[in-house]
Structures are given as structure tokens and as C-alpha cells.
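The sequence shown begins at 701 in our numbering and counts up by one. We put the beta carbon where it would ideally sit given N, CA and C, even for glycine. One structure is given here, and the rest of the page talks about it.
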Amino acid sequence: MRINCFVENIDNRNDIVLDRKNSHHLKNVLRVKIGQKIIVFNGKGDVVESIIKTIKNNEVVVESIRHQKVPKPPFTIDLYQSLPKINRWELVLQKSVELGVTNIFPLKTKFTETKIDKKKYKRFDHIISSAAEQSEARWMPLLHETLTLENALKNIKNYDCSLMGSLFSNTQTFKHVNWNKINKISLFIGPEGDFCKDEQELMVSSGIIPITFGTQILRTETAAIFGLSIIVYELSCRL
701 MRINCFVENI DNRNDIVLDR KNSHHLKNVL RVKIGQKIIV FNGKGDVVES IIKTIKNNEV
761 VVESIRHQKV PKPPFTIDLY QSLPKINRWE LVLQKSVELG VTNIFPLKTK FTETKIDKKK
821 YKRFDHIISS AAEQSEARWM PLLHETLTLE NALKNIKNYD CSLMGSLFSN TQTFKHVNWN
881 KINKISLFIG PEGDFCKDEQ ELMVSSGIIP ITFGTQILRT ETAAIFGLSI IVYELSCRL
């Protein structure tokens, strides 16, 4: 089993002192041994092959063996998600990391189900870092503060293409998207019951393409995972 350990700040010293949380997990959960190899990364492309040097009560120190800088992914994929209930939101966060999303923007829409307490961001950050450790995501997505739909639409000019999952009739399919010209893309996912009609019209007038996800109605978290998976697949086929 290859062990990945997220460390936010990595410097160029030979030794890296892990924080209390990481030290506890390595020592008491994974039961690592001195001399065992682990990978330390910071979610910004820095990856350090290391070995366990010392294990104390509440502190694990690793020795750096080789440092590698992993280049940024070739595509920008941003998710704008109308906030569902917290347990569904946490699933979206986890799967977004696994699928290589660049930025995650929580959205406040007419039918948004919940509000994010800023105190919960610490837990959300933990979910993101844990998912990155498991999936070996060397570049972790940035989780932003909640935006209104109107403010989110100000970002549209930054993308080559913007899509939204839609239950309305005026939709296209993914195969009609010109993937060859896309390097930066955004995906908008609505709440349970979809965006309201006024929101849909505002988004279309802003240049967002309404996309159908098929004949079945998907939960909002399933729609996010489904849409992101297709985008990642289509863009990856160009590599």
C-alpha cells in the first residue's frame, strides 16, 4: 500500500515534521514503521518521496529523498453547484477531487437547500485533502465561498465553454459540444427540482449551454458526478 500524506507547507529542508493529525493517523491508524516509504504532497504540484525517520508520541518526522514538481493539469474544469443538503454536498466535494476539478463554487439559488456555516469549511477542507490522498490528486481544487447565481455569471467570460444540467426542453447533448476548442470549462448544477425558469433564462442569455443528462431525473449530487465524468472523459481523449 502506497501512503500519501497531505502537508500544506513543504519547504526544501531534508526533514519534514508532520502535524499532530497526520502524525496520529500514521502512527496509530496506519501503524507505520521507521524506514517505511511515504509520499508527502501539498496539493499544489509538489510531491516529495520520503521515509519515516522518527516516531515519537505525537510527532512523526520524515526525511525527504526526492522532490518532484508535477505540472498543472492541462484543462481547467470548474464546478458551480447549488448547495444541497450537507451529506450530499460532502459527497460532491469528495468526488470532485477524484475527478480532477480545478475550482468548486457553492451556489445560492432560488431552491438552494442549505447554507454553509463558515465553521464547516475546516471539515470540507479535510474531506478534500483526504480525497486527494486516496486518489493521488497532486493538484487539489480550490473551494470558494458561496456565490449568488448573478455573481457567478460574471465569471462566464473566463471560460471557453459553460454548461448547465437542465430538465427543460431546449437542451443539447454532450456530443454536440465542440470539445476540440475547450481548455477552460465550467459546469453549473442546480438544486433538487432544477434551476427555476427565470434562472434558466438568465443563464442561457449569459451564454451557458443547457445540457440534458438523459431521460432519468438525477439527484443533484449524481448530476454533478455524471456531468464532470463526461467532461473529464471528453477532454482526456484529446491528450
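- Under the three-state reduction of DSSP output, Phe-868 falls in the coil class, being neither helix nor strand.
- Nearest Cα to Leu-939 within the set Thr-920, Ile-882, Leu-791 and Asp-711: Ile-882.
- In the DSSP assignment, Asn-722 falls within the alpha helix (DSSP H) that extends over 720 to 724.
- Your pair Lys-769 and Gly-745 checks out as a contact, with CB atoms roughly 5 Å apart and the cut at 8 Å.
- It is roughly 15 Å from the alpha-carbon of Glu-850 to the alpha-carbon of Ser-886.
- The C-alpha of Pro-891 lies about 8 Å from the C-alpha of Arg-919.
- Beyond the five residues adjoining it in sequence on each side, Glu-790 comes within less than 6 Å, by CB distance, of Ile-827 in the same chain, given in chain order.
- Looking at the DSSP output, Cys-861 shares a beta bridge with Ile-885.
- Counting only runs of 4 or more residues that sit fully inside the region 770 to 829, the alpha helix (DSSP H) segments are 786 to 798, in chain order.
- Taking Thr-873 as the centre and dropping the five residues before and after it, the same chain places the C-beta of Ile-911 and Thr-912 closer than 8 Å to its C-beta, in chain order.
- Listed in chain order, the beta strand (DSSP E) runs fully inside the region 893 to 931 are 909 to 911, counting runs of at least 3 residues.
- Cβ neighbours of Phe-868 within its own chain (closer than 7 Å, five residues either side excluded): Gln-900 and Pro-910.
- Looking at the DSSP output, Phe-874 bridges to nothing.
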